[in-house]
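Please read the structure below before turning to the comments.
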Amino acid sequence: MKIKIAPSILSADFSNMGAAVKKIEQCGADLIHCDVMDGSFVEPITFGAQMLKNIRPLTKLPLDAHLMIEHPKTQVKFFVEAGADIITVHYKACAKISETYLEETLRLIKSYGVKCGVVVNPDVPVENIFPVFPLVDMVLIMSVYPGYGGQKFIPETLEKIKKARQFAANIGKPDMDIEVDGGVNEDNAATIKAAGANVLVAGSAVFNSSNMQKTIAELKI
1233 MKIKIAPSIL SADFSNMGAA VKKIEQCGAD LIHCDVMDGS FVEPITFGAQ
1283 MLKNIRPLTK LPLDAHLMIE HPKTQVKFFV EAGADIITVH YKACAKISET
1333 YLEETLRLIK SYGVKCGVVV NPDVPVENIF PVFPLVDMVL IMSVYPGYGG
1383 QKFIPETLEK IKKARQFAAN IGKPDMDIEV DGGVNEDNAA TIKAAGANVL
1433 VAGSAVFNSS NMQKTIAELK I
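Each residue of the sequence shown is one higher than the one before, counting from 1233 in the numbering used here.
Take a look at the structure:
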């Protein structure tokens, strides 16, 4: 299974985002991870669909839109139009609205021909999202609490990754993308991959590196 590195532009210099996106592509990134925060589901506010629209012409890499927002269904259209290649939404945000809201949102995303994914926070059992595994292209397991970069990886996440990979295999999707976001670095990447993750989001580890190309390469090993 191919290991993919998705640098989070949350850790990039917002005043020079275009150059940052071009550089991580040149340095071997596989996706551009876009952390969208609304100041409600999580405390900070980052950026919206306009940022994706602005960087879309600057890279051929897939744009991985991670929506840490309330009522994500209302925003799907805007991120599709901005050029997102995959849109992931939080189980917790959807479950607050209704029992069917998560599936409705995922089906809406797919109706546009865009890949969809579901996200679980550290305090949400991964089993809660098993019912939508047949529908999604990616599962994103948060290894920190969303909202702020630079947090330390939560070790208990490893067991959730293993459960997700095993369940995906059990339903005939052994190669489904399992993404991990939060505190990923060169010290723990091998353990995370051994647990079953194949898409690693790395913000601080990449953008604070003196040699981005080397860091991305080492995260893939």
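Where is the CB? At the ideal position from N, CA and C, for every residue including glycine.
- Residue state for Lys1394 is assigned as helix, using DSSP reduced to three classes.
- Ile1373 is the residue among Pro1289, Val1346, Ile1373, Ile1287 whose C-alpha sits nearest the C-alpha of His1322.
- For Gly1414, there is no enclosing beta strand (DSSP E), as DSSP gives it neither H nor E.
- Note that the region 1402-1413 does not touch the region 1334-1343; fewer than 3 beta-carbon pairs, one per stretch, sit closer than 8 Å.
- Sixteen is the threshold: when 16 or more other Cβ atoms of the shown chains lie within 10 Å of the Cβ of Gly1428, as they do, the residue is buried.
- DSSP places Ser1247 within a helical segment (H, G or I) once states are collapsed to three.
- Distance from the CA of Glu1275 to the CA of Glu1302, rounded to the nearest whole angstrom, comes to 12 Å.
- In the DSSP secondary-structure assignment, Ser1240 is bridged to His1265.
- In this model, Ile1361 and His1265 are separated by some 21 Å (Cα to Cα).
- For Ile1318, the enclosing beta strand (DSSP E) begins and ends at 1318-1322.
- Leaving aside the five residues that flank Thr1320 on each side, the residues in its chain whose CB is nearer than 6 Å to its CB run, in chain order, His1298, Gly1349, Val1351, Leu1372.
- In the structure shown, Ala1429 falls within a coil segment according to DSSP collapsed to helix, strand and coil.
- Restricting attention to Ala1396, Val1364, Val1356, Asn1420, the CA atom closest to the CA of Lys1384 is found in Asn1420.
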